[in-house]
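According to this note's numbering, the first sequence is numbered sequentially starting from 291.
Cβ atoms here follow ideal geometry from the backbone N, Cα and C, with glycine treated the same way.
For clarity, every value in this text was computed on a predicted model and none was experimentally measured.
Encoded as structure tokens, the structure appears first; notes follow it.
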Amino acid sequence: MADDKKLTTRAADFSAWYNEAVLRAELADYSPVRGCMVIRPNGYGIWERMQRALDDMFKATGHKNAYFPLFIPESFLHKEAQHVEGFAPETAVVTHGGGKKLEEPLIVRPTSETIIYSMFAKWVQSYRDLPLLINQWANVVRWEMRTRLFLRTLEFLWQEGHTAHASHDEAEEETRRMLGVYRDFMEGWMAMPVITGQKTDAEKFAGALRTYACEAMMQDNKALQAGTSHNLGQNFAKAFDLKFQAEHGGQEFAWNTSWGVSTRLVGGLVMTHGDDNGLRVPPLLAPIELVIVPIYKTDDERSRMLEAAERIVQTLTEWERREPGRLRVHLDDRDGIKPGAKYYEWELRGIPLRMELGPRDLEKNQAVLVRRDTREKKPVSLNTIGEDVADLLMRIQEDMLIAARERREQNSVRRPISYDDFRALMDGPGGFVYAGWCGSPECETKVKEDTKATVRVLPDEEFRSAEPPATCLRCGRPAIAEAVWAKAY
RNA sequence: CGGGACGUAGCGCAGUCCGGUAGCGCACCUGAAUGGGGUUCAGGGGGUCGCGGGUUCAAAUCCCGCCGUCCCGACCA
291 MADDKKLTTR
301 AADFSAWYNE
311 AVLRAELADY
321 SPVRGCMVIR
331 PNGYGIWERM
341 QRALDDMFKA
351 TGHKNAYFPL
361 FIPESFLHKE
371 AQHVEGFAPE
381 TAVVTHGGGK
391 KLEEPLIVRP
401 TSETIIYSMF
411 AKWVQSYRDL
421 PLLINQWANV
431 VRWEMRTRLF
441 LRTLEFLWQE
451 GHTAHASHDE
461 AEEETRRMLG
471 VYRDFMEGWM
481 AMPVITGQKT
491 DAEKFAGALR
501 TYACEAMMQD
511 NKALQAGTSH
521 NLGQNFAKAF
531 DLKFQAEHGG
541 QEFAWNTSWG
551 VSTRLVGGLV
561 MTHGDDNGLR
571 VPPLLAPIEL
581 VIVPIYKTDD
591 ERSRMLEAAE
601 RIVQTLTEWE
611 RREPGRLRVH
621 LDDRDGIKPG
631 AKYYEWELRG
641 IPLRMELGPR
651 DLEKNQAVLV
661 RRDTREKKPV
671 SLNTIGEDVA
681 DLLMRIQEDM
691 LIAARERREQ
701 NSVRRPISYD
711 DFRALMDGPG
721 GFVYAGWCGS
731 PECETKVKED
741 TKATVRVLPD
751 EEFRSAEPPA
761 TCLRCGRPAI
771 AEAVWAKAY
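So this is what it looks like as structure tokens:
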């Protein structure tokens, strides 16, 4: 079937397109366990590169990695009232071990605030022990009703940062700093533009004082919460007796923050950049940045092309270039598969740059470079191939961010909009709507009932409209803040 | 957990209404030709038809029960 070869188009069915793209690019596969997926090498390769970049950024901001248990005593979860209310309904609980019923059930961590702050309480005595800046790479389990590859699975991989500080202001500064780190990563590495801002009380983390988030727009105009950073105040410190002796005497509760991003980012990457031919992976995160496809007819030509290609691989991998390391290049020397078939395969996988090398090129001492993002072809001299490849990869990285940002802005509404028009918009194409909010949870709830849209964030200053909206989107009363309204994943 | 659909070869499906001993496409293996955008021909391997029970001379097909998956809702990184 010719149709088998093509993906469902994004326009026809975005959901189906996403599933097919993820499965066919072999990022992940369904597993025998309901709601749990297998992350395959192609997907894990992207996650590994994300991890490495983020980990470097965490280290650069003073954090250290540690590891805490998968199991959490059930009673721990109950020590913070809002926290248990938020997470208890979606926990997996271990009641038996070694064939015997446990005295106290163990929760499989849905997040690690409780067990981590119980340990912090042991380690912190004095203000001199603060700040304590810890990150953990781990898996967590949340018993979701409905799952989707990468976007929502029962088990997922993530990092969770947990810190303790001597004052509210220090904690707030840390919360904002890490939100900034996330934004830098999402835009700089993933080429995925985000809006940063504060969550409303309805959307904030269970147990937090304030939650900030990075929200990205997917190609179906829905919002993806890509990362969150929480100022936990003293809520957990009080629950776990995390106290320190202050500089001028007296015992005080510490101030905590926590922040996390997950393998959901891989899904975000797909839905931000993918097209009807498959994935488009930004160079910085691509496990392979450049694939070389040799073209030949005869055996003699084949060996000449492969020999030339090997030399190019040698040159390119030895060529020291931009900061994050050497070029990741792959020579596709498989025989018996036509070049066209190889092109489709590498395009499906989203490899950012392809080099075609045939007899006609070699005669002219050149190769043809093809960008995945624009599919633009360009012959380049073999004498300057290193510079050309590095330059193109850099441009692809930049152009992908620009294109994604333009798409987001084209699907954002920043003019005054009637509630009827808003409903029609959310019923149809969707998008981000910048509009006023009166601050009442009732209006939030009503809008959600009417349209499924919610306040994604109260945007930070740089994202706000020049002309601040004066009235609430729904009730028309004076607005206390500008809000980004959208349907979300 | 409610509504819908589905479970037959690695993948996608037909066959089920009307019972008769399993088929198509892709993928895979072998050979030859082909090779600058999904190559062609020839040959070949592979399935206790989700599981359990029942009806029948005979069950992928009819009946009962169970399990699982996907999609749509309520909950969510």
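Could you check which residue in 624, 494, 687, 340 has the C-alpha nearest to that of residue 572? Between residue 572 and the set 624, 494, 687, 340, the nearest pair of CA atoms involves 687.
My parser needs the alpha helix (DSSP H) runs of 4 or more residues fully inside the segment 341-408; what are they? If we require 4 residues or more, the alpha helix (DSSP H) runs fully inside the segment 341-408 come out as 364-367, 371-377.
Close Cβ partners of residue 295 (< 8 Å) along its chain, the five nearest in sequence each way excluded: Excluding residues within five positions, the ones whose Cβ falls inside 8 Å are 634.
Do residue 515 and residue 543 have their beta-carbon atoms positioned less than 9 Å apart in this structure? No, they are not a contact pair.
In three-state DSSP terms, what is residue 567? Coil.
Identified DSSP bridge partners for residue 546: Bridge pairing for residue 546: 454, 523 [DSSP].
Would you mind stating whether residue 691 and residue 481 have Cβ atoms separated by less than 9 Å? It is a contact, given that the beta carbons lie within the stated cut-off.
Short of 7 Å in beta carbon distance, which residues of its chain neighbour residue 671, apart from the five on each side in sequence? Order them along the chain. Non-local C-beta neighbours of residue 671 in its own chain, meaning closer than 7 Å and more than five positions away in sequence, comprise 655, 656, ordered along the chain.
Rounded to whole angstroms, what's the CA-CA distance from residue 552 to residue 468? Just pull it up for me. CA-to-CA, the gap between residue 552 and residue 468 works out to about 15 Å.
Provide the residue span of the beta strand (DSSP E) that contains residue 669, from first to last. Note, residue 669: beta strand (DSSP E), 667-671.
Just how far apart, CA to CA, sit residue 342 and residue 743? Distance from the CA atom of residue 342 to the CA atom of residue 743, rounded to whole angstroms, is 34 Å.
Which residue's Cα is closest to the Cα of residue 472: 726, 649, 297, 347? Among 726, 649, 297, 347, the Cα nearest to that of residue 472 is on 347.
In terms of residues, what are the limits of the beta strand (DSSP E) holding residue 676? Element bounds for residue 676: not the beta strand (DSSP E) but the alpha helix (DSSP H), 675-700.
Based on Cα-Cα distance, which residue from 335, 703, 330, 407 lies nearest to residue 367? If you compare the alpha carbons of 335, 703, 330, 407 with that of residue 367, the shortest gap goes to 407.
Could you say which of 501, 336, 528, 530 lies nearest to residue 521 if we only look at CA atoms? Cα-wise, what sits closest to residue 521 is 501.
Quick one: using the 10 Å Cβ neighbour count with 16 as the cut-off for buried, is residue 717 buried or exposed? By the neighbour-count rule (16 or more Cβ atoms within 10 Å), residue 717 is not buried but exposed.
What whole-angstrom Cβ distance do residue 585 and residue 646 have, given they're in contact under 8 Å? Confirmed, Cβ separation roughly 6 Å.
CB-CB under 7 Å to residue 769, same chain, minus the five flanking residues each way: which ones, in chain order? Correct list, in chain order: 726, 727, 728, 759, 760, 761, 762.
Taking its Cβ as the centre, do 16 or more other Cβ atoms sit within 10 Å of residue 435, making it buried, or is it exposed? Here residue 435 is exposed: its Cβ has fewer than 16 other Cβ atoms, across all protein chains shown, within 10 Å.
Just tell me which of 490, 464, 303, 362 has its CA closest to the CA of residue 394. For residue 394, the nearest C-alpha among the options comes from 362.
Where do the N-terminal and C-terminal ends of the beta strand (DSSP E) with residue 583 fall, by residue? Run containing residue 583: 580-584, per the beta strand (DSSP E) assignment.
In whole angstroms, what is the alpha-carbon distance linking residue 591 and residue 624? So the alpha carbons of these two residues sit roughly 14 Å apart.
Would you mind giving the Cβ-Cβ distance between residue 430 and residue 401, rounded to the nearest angstrom? I have them listed as a contact below 8 Å. That belief holds up - the Cβ atoms of residue 430 and residue 401 are roughly 6 Å apart, short of 8 Å.
Identify the continuous alpha helix (DSSP H) that holds residue 647 and give its terminal residues. In the DSSP assignment, residue 647 falls outside any alpha helix (DSSP H) and lies within the beta strand (DSSP E) extending over 643-647.
Nearest-angstrom Cα distance between residue 374 and residue 621? In a straight line, the C-alpha of residue 374 is about 52 Å away from that of residue 621.
Kindly indicate which residue of 714, 570, 765, 356 has the alpha-carbon position closest to the one of residue 315. Nearest to residue 315 by C-alpha distance, out of 714, 570, 765, 356, is 570.
Residues near residue 669 in its chain [Cβ-Cβ closer than 6 Å; skip 5 each side]: If we look at residue 669 and ignore the five residues flanking it on each side, its Cβ neighbours are 656, 658.
Mapping the DSSP letters down to three states, classify residue 654 as helix, strand or coil. Correct three-state label for residue 654: coil.
By Cβ distance below 8 Å, which residues in the same chain neighbour residue 594 in space, the five residues on each side in sequence not counted? Closer than 8 Å at the Cβ level, and outside the excluded window around residue 594, lie 586, 649, 652.
Since I believe residue 665 is in contact with residue 641 (beta carbons under 8 Å), could you give me their beta-carbon distance rounded to a whole number of angstroms? Not a contact, Cβ separation roughly 13 Å.
Nearest to residue 350 (by Cα), restricted to the options 493, 423, 359, 719: With distances taken between Cα atoms, residue 350 lies closest to 423.
Where the alpha helix (DSSP H) containing residue 712 begins and where it ends: It spans 709-717 - the alpha helix (DSSP H) in which residue 712 sits, taken as one unbroken run.
With distance defined between alpha-carbon atoms, name the residue in 382, 388, 696, 772 nearest to residue 506. The shortest C-alpha separation from residue 506 is found at 696.
Residue of 512, 683, 721 minimising C-alpha distance to residue 700: Ranked by how close their Cα comes to the Cα of residue 700, the residues 512, 683, 721 have 721 in first place.
Start-to-end residues for the alpha helix (DSSP H) that takes in residue 740: Element bounds for residue 740: 731-741.
So if DSSP puts residue 777 in a beta bridge, which residue, or which two residues, is it bridged to? In DSSP, residue 777 forms a bridge with 743.
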